[in-house]
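Inspection log for the structure reproduced underneath, given as structure tokens.
Residue numbers (this note's numbering): -17 to 495.
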């Protein structure tokens, strides 16, 4: 498995797919200028599904190809040259190719349904202290783009969304900064074949008007195994909301296909052992996977990083999937102590399926890492039925970038800690829950029961109990495990009950020796 790395900044996250993803050269009969709406983009994609994939033919000039971070960061798009600038509307600024962003992407303006190419011009950029040698060949396009809200939205400049590198995109809220990344598809993340990173090769922008609540853009996805049409409608806010539609064809079979995938980082947290020699108590963009099933459990799976061991978890997601996402629930600065990265202010994401999520699995991949500069957490929805060149998969979902998706009235998990029982080799788990609202009108000293199960692996639960946590106002569940010597992997769960009624999230955890 190969991961995408990126450099973390406040305004731009430059994503690299390690040179594996490549751009598209169109066949003559598949003209991108024919795209005027999502339906015509779907028609283009249906044609491309039967065309062979063609690798890019135009490399960057050696000067831009060899640019390092310090040189590339000197190139800044001029704010007064923004696409759709000059009025109180959404506007678009473009990124210059170089450093890790070496592929150019086609950009089109859909004004009145007629696509017009948005051409590269070196005058669009402020070059800072960078000296470009004479006879350098400038690129023929841009590497990506950022979208800014109308100035009247916050009465200041507010960049809320970035598309940059392969099919990656990110968003922020009015309160939270950049963190985890979304992408169009995850291909061969599991299954044994090399992971494939298809590209968004062309974008078509619907010209925004004053008063528009959503910014709208179409995107063409293309790679060796896949081609797809995408539509994004994005609205910034305290919760930044996107409506995503996709039509995806496979040129050839793949081992795994992930819809609405996310990449995040978890180096260490309150549940990690051993901890790195680092001044910070925790370092992560996300600390848990959240899944909700209609008339089923609301699952919380704390993330972890097991040195030297890849962790793979599959969760059945039948037709009653209400949603899933990665969350950063810990908002206490004192738990991170990082004034620069501000990990306590990273957004959560929540996917609400609308169409096309009929039967499949939620997949969670946790890859061991020894640093914070690599995305080592991947999650996505894996459909049971694969598309083909002739029979695409169509789907749509509502994507929210937000502080947190609340599990209705359930008591939610707020921390997971573990260690050895004193003077023993038995394992102790301590899980803190909020109070929730399903316990009803109980006496002040009432505490629920805790139900702990070992779902796979051999271990004995030797103690389990609950007590009120006066510091949080909720409850703390304890249990101890006597794990058999031959056991190397355990799957366990824990939930709070009022007699037979479940009143909390369904905490699930994987232990590895």
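Glycine included, each C-beta is placed from N, C-alpha and C at the ideal position.
DSSP bridge partner residues for residue i (one or two, in chain order)
i           : result
residue 380 : 225, 334
residue 483 : 480
residue 84  : DSSP, once it has assigned bridges, lists no residue as partnering residue 84.
residue 275 : 303
residue 398 : 413
residue 445 : 462
residue 457 : 415, 450
residue 202 : 184, 211
residue 284 : 270
residue 150 : 165
residue 65  : 74
Bounding residues of the beta strand (DSSP E) (the contiguous stretch that carries residue i)
i           : result
residue 472 : 471 to 480
residue 133 : It is not in any beta strand (DSSP E) - residue 133 instead sits in the alpha helix (DSSP H) that spans 133 to 136.
residue 76  : 73 to 77
residue 415 : 409 to 415
residue 194 : From DSSP, residue 194 is part of no beta strand (DSSP E); its letter is neither H nor E.
residue 365 : 359 to 365
residue 488 : 488 to 494
residue 342 : 342 to 348
residue 182 : 181 to 188
residue 261 : Element bounds for residue 261: n/a, residue is neither H nor E.
residue 433 : 431 to 438
Length of the line joining the Cα atoms of residue i and residue j
i           : j           : result
residue 238 : residue 169 : 6 Å
residue 282 : residue 299 : 14 Å
residue 336 : residue 377 : 7 Å
residue 12  : residue 30  : Bear in mind that the predicted position of residue 12 carries a pLDDT of just 48, short of 50, making it unreliable; the figure below should be weighed with that in mind. So the two alpha carbons sit approximately 7 Å from each other.
residue 423 : residue 480 : 12 Å
residue 37  : residue 204 : 11 Å
residue 340 : residue 392 : 26 Å
residue 417 : residue 389 : 12 Å
residue 63  : residue 104 : 11 Å
residue 200 : residue 494 : 43 Å
residue 465 : residue 471 : 10 Å
residue 214 : residue 364 : 21 Å
residue 130 : residue 75  : 8 Å
residue 138 : residue 328 : 21 Å
residue 87  : residue 182 : 7 Å
residue 4   : residue 34  : Per-residue confidence for residue 4 stands at a pLDDT of 32, beneath the threshold of 50, marking its modelled position as unreliable; the derived number appears in the next sentence. C-alpha separation (whole angstroms): 14 Å.
residue 514 : residue 141 : Residue numbering for the chain in the displayed model covers -17 to 495; residue 514 lies beyond these limits and cannot be assessed.
residue 154 : residue 266 : 17 Å
residue 497 : residue 462 : Residue 497 is absent from the model: the chain starts at -17 and stops at 495.
residue 180 : residue 174 : 18 Å
residue 189 : residue 217 : 15 Å
residue 368 : residue 167 : 13 Å
residue 10  : residue 372 : Reliability of the predicted coordinates at residue 10 is poor, the pLDDT of 33 falling under 50, and no value is obtained from them.
Nearest candidate by alpha-carbon position, reference residue i, set the options
i           : options            : result
residue 274 : 294, 395, 302, 259 : 302
residue 519 : 332, 69, 364, 372  : Because the chain spans -17 through 495 in this model, residue 519 falls outside it and cannot be assessed.
residue 132 : 68, 207, 166       : 68
residue 73  : 158, 46, 193       : 193
residue 330 : 35, 313, 342       : 313
residue 370 : 184, 171, 297, 27  : 27
residue 15  : 100, 84, 59, 214   : 100
residue 307 : 216, 362, 349      : 362
residue 70  : 134, 269, 406      : 134
residue 176 : 198, 206, 185, 197 : 206
residue 304 : 292, 334, 266      : 334
residue 292 : 399, 359, 395, 385 : 359
residue 52  : 219, 40, 122, 81   : 81
residue 184 : 211, 469, 173      : 211
residue 448 : 437, 436, 427, 440 : 427
residue 323 : 59, 344, 354, 286  : 354
residue 345 : 272, 310, 311, 290 : 272
residue 294 : 83, 492, 32, 165   : 492
residue 478 : 442, 443, 421      : 421
residue 197 : 250, 91, 174       : 91
residue 289 : 350, 259, 338      : 350
residue 42  : 113, 78, 409       : 78
Range of the contiguous alpha helix (DSSP H) that encloses residue i
i           : result
residue 304 : Looking at the DSSP string, residue 304 is not in any alpha helix (DSSP H); the run it does join, the beta strand (DSSP E), is 303 to 309.
residue 26  : 20 to 30
residue 160 : Where residue 160 is concerned, there is no enclosing alpha helix (DSSP H), given that its DSSP letter is neither H nor E.
residue 212 : Careful: residue 212 lies outside any alpha helix (DSSP H), inside the beta strand (DSSP E) at 208 to 217.
residue 51  : 51 to 54
residue 47  : 44 to 47
Contact test: residue i Cβ vs the ligand PLP heavy atom, cutoff 7 Å
i          : result
residue 62 : Summarising the ligand content, the structure contains no ligands, and the ligand PLP is consequently not present.
Contact between the segment 114 to 121 and the segment 141 to 150: three or more CB pairs below 8 Å? no
Would you check if there are 3 or more beta carbon pairs closer than 8 Å linking the segment 233 to 248 to the segment 87 to 97? no
Three or more C-beta pairs closer than 8 Å, one from the segment 487 to 495 and one from the segment 275 to 294: is that the case here? yes
If you pair each beta-carbon of the segment 243 to 255 with each one of the segment 455 to 473, do three or more pairs fall below 8 Å? no
With a threshold of 8 Å, are at least 3 pairs of Cβ atoms found where one atom belongs to the segment 210 to 226 and the other to the segment 366 to 385? yes
Would you be able to state if there are at least three C-beta pairs under 8 Å between the segment 123 to 138 and the segment 158 to 168? no
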